[in-house]
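In the working numbering, the protein residues as written are 29 to 412.
Since the structure comes first, as structure tokens, the remarks are kept for the end.
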Amino acid sequence: MFSSTDQQHLISSSSICPENSAIKSILTTNGSTDDLSSTTNDDDNGSIRWLDFDLIDRISIQTQTLEEIMNEKNEFLLDEESEELFGGLSPFPPPYGAETTCSSVAGVNMPKILPMGRYGSVPAELPKSYKLDSPLVLKREDSISQQINTKTQPKYGHLTSLCIGKYLLSIGTSQGFCLIFEKEGSQKLLHSVQSGDSSFGSISCMDFSVDQTRLAVGFSTGALFIFDTNTKRNANKFIFKSNDVVQPGRGLIHLKYITSNVLLIVDNGGNVYEFHEKRRLNRRKDGNVRCIFTGCKGEVLNISFVHSSDNSVELLVLATFHQVFLLSVKRRSSAVGQLKLHGSSLSPPLIDWRERVQALSHARAFSLRLCIARDNEARLYQVR
């Protein structure tokens with residue numbers, strides 16, 4: 029449909045070209061414009077009315093010679109303001125035979141060209157930096173960072189390990205220091221424990237017990253320390269201290285508590301050990317160690333203990349270079365599942381899990397979700 033503005037344009041065009049009256053008779057009927065398809069409507073007798081192309085033959089088109097066209101005034105000539113916009117340089121090519129120099133073109137101060145906006149109407153500056161949106165919110169712990177500043181506390185050395193529990197946070201250093209902070213609240217330093225022997229090397233791994241009463245500390249030389257984290261007691265008194273829990277020359281890379289007294293140990297040879305605390309008659313605590321998974325079956329790179337709140341599900345997850353083993357703790361480490369590990373073997377595998385509780389009308393349903401990631405790929409599994 030033609031709008032009223034189109035009708036006014038057609039009427040005003042008759043003063044320029046009176047011959048358009050024949051075309052206007054088709055477009056305008058009863059003082060209003062109708063659709064071109066109205067000319068194809070059926071007659072009263074039912075015959076189809078086609079477009080009348082014979083009207084074009086009755087329109088006389090004025091002819092012009094080449095000289096008349098060349099002598100016409102150029103309607104596209106730019107005024108002085110437009111020339112200033114282009115810096116005195118005409119946007120049209122010079123006529124044939126005109127002398128032009130490179131210096132005259134290069135010396136012109138062209139305006140700064142900016143990229144157009146989203147819709148091409150408003151110039152917009154390019155962003156200097158771009159930050160991807162992430163669901164992770166990073167928060168700097170200024171209180172803890174100030175207390176472990178290596179410039180003010182050079183005796184600590186570099187930070188080498190981190191362990192986060194329910195209420196406590198532990199940091200290990202290259203000089204064998206274990207620093208325990210409050211996780212929430214004032215985040216003050218509760219304990220500063222040192223191995224006492226520089227030959228033990230740096231702290232490589234740590235883990236809190238399930239009830240948060242013990243902290244196991246592993247060293248790069250293979251030594252293992254366990255001490256109480258209760259603030260009312262002296263944390264410098266070790267519950268267990270040994271440097272021969274694994275094969276000689278091996279270092280500890282992972283520690284994982286499955287109960288308050290049972291600890292799993294992974295060395296850099298891919299072997300997995302089970303450590304049990306026991307109390308002797310002289311009230312001195314000792315421990316027994318046995319190997320539950322050898323590196324000849326596949327070097328273990330990461331370990332995790334997955335368990336539900338009601339302890340109905342207790343699984344031990346071992347990640348090697350090529351696959352993931354699921355072992356049942358209640359069945360004395362018998363294999364209950366095996367998963368293929370995807371991604372490049374140059375990247376170490378990562379394991380994490382969470383428990384999801386759904387409140388139903390008659391009961392509460394527990395659902396365990398296991399996440400295994402390596403390289404640029406992450407996969408989620410549901411444990412039933």
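For glycine and all other residues, C-beta sits at the position ideal for the given N, C-alpha and C.
**Message:** Tell me the rounded alpha-carbon separation between Y184 and L190.
**Reply:** 14 Å
**Prompt:** Which two residues bound the contiguous alpha helix (DSSP H) that contains I176?
**Reply:** Run containing I176: none; DSSP gives neither H nor E here.
**Prompt:** Around the Cβ of C324, are there at least 16 other Cβ atoms within 10 angstroms (buried) or fewer (exposed)?
**Reply:** exposed
**Message:** Can you list, in chain order, the residues of its chain with a C-beta nearer than 7 Å to that of F333? Leave out the 5 residues immediately preceding and following it.
**Reply:** K284, I286 and L344
**Message:** Measuring only the C-alpha atoms, how far is Q410 from L398?
**Reply:** 6 Å
**Item:** Nearest-angstrom Cβ-Cβ length linking F266 and I254, presumed shorter than 8 Å
**Value:** 7 Å
**Asked** With a CB to CB cut of under 6 Å and the five nearest residues on each side skipped, what residues in its chain are close to I89?
**Response** Its pLDDT being 49, under 50, I89 is placed unreliably in this model, and the coordinates cannot settle the point.
**Asked** Say the cut is 8 Å; is the CB of S356 nearer than that to a heavy atom of the ligand GTP?
**Response** As presented, the structure is devoid of all ligands, the ligand GTP included, so that no description of it is given.
**Prompt:** Cα separation between I176 and L243?
**Reply:** 19 Å
**Buried versus exposed, by CB contacts within 10 Å (16 or more), P421** = Residue 421 falls outside the range modelled here, since the chain spans only 29 to 412, and no answer is possible.
**Prompt:** Hey, would you say T201 sits closer than 9 Å to L218, going by beta carbons?
**Reply:** no
**Prompt:** For S171, which residues of its own chain have a beta-carbon under 7 Å away from its beta-carbon, when the five flanking residues on both sides are left out?
**Reply:** Q215
**Item:** Outcome for L166 when other beta-carbon atoms lying within 10 angstroms are tallied against a minimum of 16
**Value:** exposed
**Inter-stretch contact at 8 Å, needing at least 3 Cβ pairs: the segment 336-343 / the segment 288-295** = no
**Message:** Suppose only complete runs of 3+ residues qualify. What are the beta strand (DSSP E) ranges in the segment 223-253, listed by chain order?
**Reply:** 231-236 and 242-247
**Prompt:** Given that a residue counts as buried once 16 or more other Cβ atoms are within 10 Å of its Cβ, and exposed if not, what is A251?
**Reply:** buried
**Asked** Going by C-alpha distance, which of S372, E342 and G246 is nearest S223?
**Response** G246
**Prompt:** For V221, which residues does DSSP report across the bridge?
**Reply:** C206
**Message:** Report the CB separation of V357 from E342 in whole angstroms; it is logged as a contact under 8 Å.
**Reply:** 4 Å
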